[in-house]
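What follows is one structure encoded as structure tokens, with my remarks underneath.
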Amino acid sequence: MEPETIESTTVNGSNEVKINHPAKNIAMKILSLKVAAFLNWNVAQIRALPFKTQVDLLQDLMYFTNEERTVFEITNLEQVDLKATLPEFLFALVLFHRWALNTSMHRVTSNWQQRYGINEMSLRDENIICCPENIQKTISFLHESLQWEQMPKLLSFDCFQMPTETNDSIECKWSKATLISRDEFCAQICYDLGTSFFYQEDYKAAKELFHKCQEYSNLVTQQNMFASFDKNSLQVYIKACDPSVHKKSLLIKFSIHWRRKRRDKQATCIYVEN
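Right, here's the structure in full:
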């Protein structure tokens, strides 16, 4: 594919990057976004990709959902005026911050070499994105999102239009997006924040967020696939935050729970293959 050209400008003290996409690259970028939309923007599945691919996907999403067709540097995402932000760009921002929070919790993995190859982004890039200052911004952003009056829209497969031989312009049909209910949105955000505080060993804050997650989840009447957390895992987390339960017993129960999930997944794969 042809290389992209990048123009960096400073507007009101914020560093904005404008990416000029060669026509041959646009179709591949849109196709990637369509695949991510088909998978309901599942953060766990996005994180299974090589790290640079994850970053490229998120950066492309912010580019296409931004009216000005510019994106902030993903290693130092600046504050934006949320009141003037369209629902589709709000969704891109929420996905980025959920991804950043999730990445910060699971940085030490056994497949590090698979994630960083030749010409890939390095561990240094991940360190910048997941530095304490940026993660604190992410936590603040997600906490504030629980108070939003305007909800983001869940971007669907049909939102992104592939270019044709007669029309190579970038067109998106945001009318195909689905408005996320407040209850479903808050349930997922509370779960994300709760897991973060749990791994920081702030069990009091985690327990409060997990209980809020459960309350919001019980109010959801029609799920639009934004909330992707496992309800059994939520119950395990809630029990794990209870100080009356012996810590060693908690760890054993939590370990057994995840081993069972992996075993069930492997059994499903074997069944499908056969």
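Numbering (the working numbering), first residue to last: 37 to 310.
Virtual Cβ for every residue (Gly too), placed ideally from N, Cα, C.
Measuring only the C-alpha atoms, how far is D96 from H133? Roughly 15 Å separates the two Cα atoms.
Could you say if the segment 221 to 231 and the segment 260 to 268 meet the contact criterion of at least three C-beta pairs nearer than 8 Å? With the rule of 3 Cβ pairs closer than 8 Å, the segment 221 to 231 counts as touching the segment 260 to 268.
On the premise that C249 lies in contact with G230, defined as a C-beta separation below 8 Å, what is that separation, rounded to the nearest angstrom? 6 Å between Cβ atoms; contact.
Across which residues does DSSP place K189 in a beta bridge pair? Bridge partners of K189 according to DSSP: L215.
Pair within 9 Å by beta-carbon distance, L137 and S269: Not in contact: L137 and S269 (Cβ atoms no closer than 9 Å).
Proximity of V130 and L178 at Cβ, strictly below 9 Å: In this structure, L178 lies closer than 9 Å to V130 by Cβ.
Same chain only: Cβ atoms within 6 Å of K35, ignoring 5 sequence neighbours per side: Residue 35 lies beyond the stretch modelled for the chain, which goes from 37 to 310, so this question has no answer here.
In the DSSP assignment, find the alpha helix (DSSP H) that holds A84 and state where it starts and stops. Segment: none, A84 is in no alpha helix (DSSP H) and carries neither H nor E.
On the DSSP letters alone, give me the boundaries of the alpha helix (DSSP H) that A276 sits inside. Element bounds for A276: K267 to A276.
Apart from the five residues just before and just after I171, which ones in its own chain have a Cβ nearer than 6 Å to its Cβ? Once the five neighbours on either side are set aside, the close Cβ partners of I171 are S140.
Enumerate in chain order the residues of its own chain whose CB-to-CB distance from F74 is below 8 Å, with the five nearest sequence positions on each side excluded. Once the five neighbours on either side are set aside, the close Cβ partners of F74 are F193.
DSSP three-state label for F234, please. DSSP places F234 in the helix class (H, G or I) of the three-state scheme.
Tell me the residue span of the alpha helix (DSSP H) that contains L182. Per DSSP, L182 lies in no alpha helix (DSSP H) segment and is marked neither H nor E.
So the candidates are L191, I206 and L94; which of them puts its Cα closest to the Cα of A213? If we check each option's Cα against that of A213, L191 comes out closest.
What are the boundary residues of the alpha helix (DSSP H) that L135 is part of? Leu is not the amino acid found at residue 135; the sequence shown has Trp there. Residues P123 to M141.
With which residues is F196 paired in a DSSP beta bridge? For F196, DSSP records a beta bridge to C208.
Here's a check: name, in chain order, each residue in its chain whose Cβ is nearer than 7 Å to the Cβ of A128, leaving out the five neighbours to either side. Within the same chain, Cβ atoms closer than 7 Å to the Cβ of A128 are found at L97, M98 and T101, the five residues on either side in sequence being excluded.
Can you say whether Q90 is buried or exposed, counting buried as having 16 or more other CB atoms within 10 angstroms of its CB? Result: buried.
Considering Cα atoms alone, identify which of P199, L118 and D238 is closest to K70. Minimum Cα distance to K70 is reached at P199.
I'd like the list of long-range same chain contacts for W135, defined as Cβ closer than 8 Å, with 5 residues on each side in sequence excluded. Contacts found: V79, I82, R83, Q90 and L94.
Taking the straight line between their C-alpha atoms, what separation do you get for Y227 and F246? Distance between the alpha carbons of Y227 and F246: 6 Å.
Between W184, Y235 and T121, which lies nearest to E103 when the distance is taken from Cα to Cα? Per the Cα distances, T121.
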